[in-house]
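Colleague: Okay, here's the structure, questions in a sec.
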Amino acid sequence: VERVADLVAVLQGGRLAASGPTQELRRRAAQRFHITFAEGEDVPLAALAGLEGASDVERRDPEGPLVSLAWAGSPDALLKLLAGHRITTLTAPEPDLEEAFLEYYQRDVPGSREAEADAPSAAGPVR
């Protein structure tokens, strides 16, 4: 799609969830960062997970120095936290259109974390 389309639309539940130039939809998707901490450096996993804008924070190896996380918005707070640590690599590959599409789609798909958080309580009546 990226090679042949300049504009795309994301339909979700029969409604238009997003539309625009492919580059713009890719930019709106959460950015994924891959951070490798220097050998012997404490990995601030809890601090990273606690940052506003961070999600899906995971250590790629239980004892290893590589951390991956999704980030929405300006990375200023992330970079400030990382400035206090020795980092050997920091990469942020641009999301492709498929990743951007999946992010829009998972926002309201039953079973996704976002949909479950927004779902009405099972304790109340359904009308």
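The opening position of the sequence shown corresponds to residue 1 in full-length UniProt numbering, with each subsequent residue numbered one higher.
Note that the Cβ used here is the ideal one computed from N, Cα and C, for glycine as well.
When the distance is taken between beta carbons, is Q31 closer than 8 Å to W71?
Modeller: yes
Colleague: Does E114 pass the burial test, meaning 16 or more other C-beta atoms within 10 Å, or should it be called exposed?
Modeller: Bear in mind that the predicted position of E114 carries a pLDDT of just 42, short of 50, making it too unreliable to give a figure here.
Colleague: Tell me whether P95 is buried or exposed, calling it buried when 16 or more other Cβ atoms sit within 10 Å of its Cβ.
Modeller: buried
Colleague: Keeping to the same chain, check which residues put their C-beta closer than 6 Å to that of S55; ignore five residues upstream and five downstream.
Modeller: A70
Colleague: Which term fits I35, buried or exposed, when burial requires 16 or more other beta carbons within 10 angstroms of its beta carbon?
Modeller: By the neighbour-count rule (16 or more Cβ atoms within 10 Å), I35 is buried.
Colleague: According to DSSP, what are the bridge partners of Q12?
Modeller: In the DSSP output, where bridge partners are listed per residue, Q12 has R15.
Colleague: Whole beta strand (DSSP E) runs in the segment 17 to 101 with 3 or more residues, listed along the chain?
Modeller: 31 to 37, 54 to 59, 66 to 71 and 87 to 91
Colleague: What does the Cβ neighbour count give for P93, buried or exposed, with the cut at 16 atoms within 10 Å?
Modeller: Classification for P93: exposed.
Colleague: Assuming A38 and R86 form a contact by the criterion Cβ under 8 Å, report the distance between their Cβ atoms to the nearest whole angstrom.
Modeller: 4 Å
Colleague: For L51 versus L81, is the C-beta spacing smaller than 8 Å?
Modeller: Closer than 8 Å, so yes.
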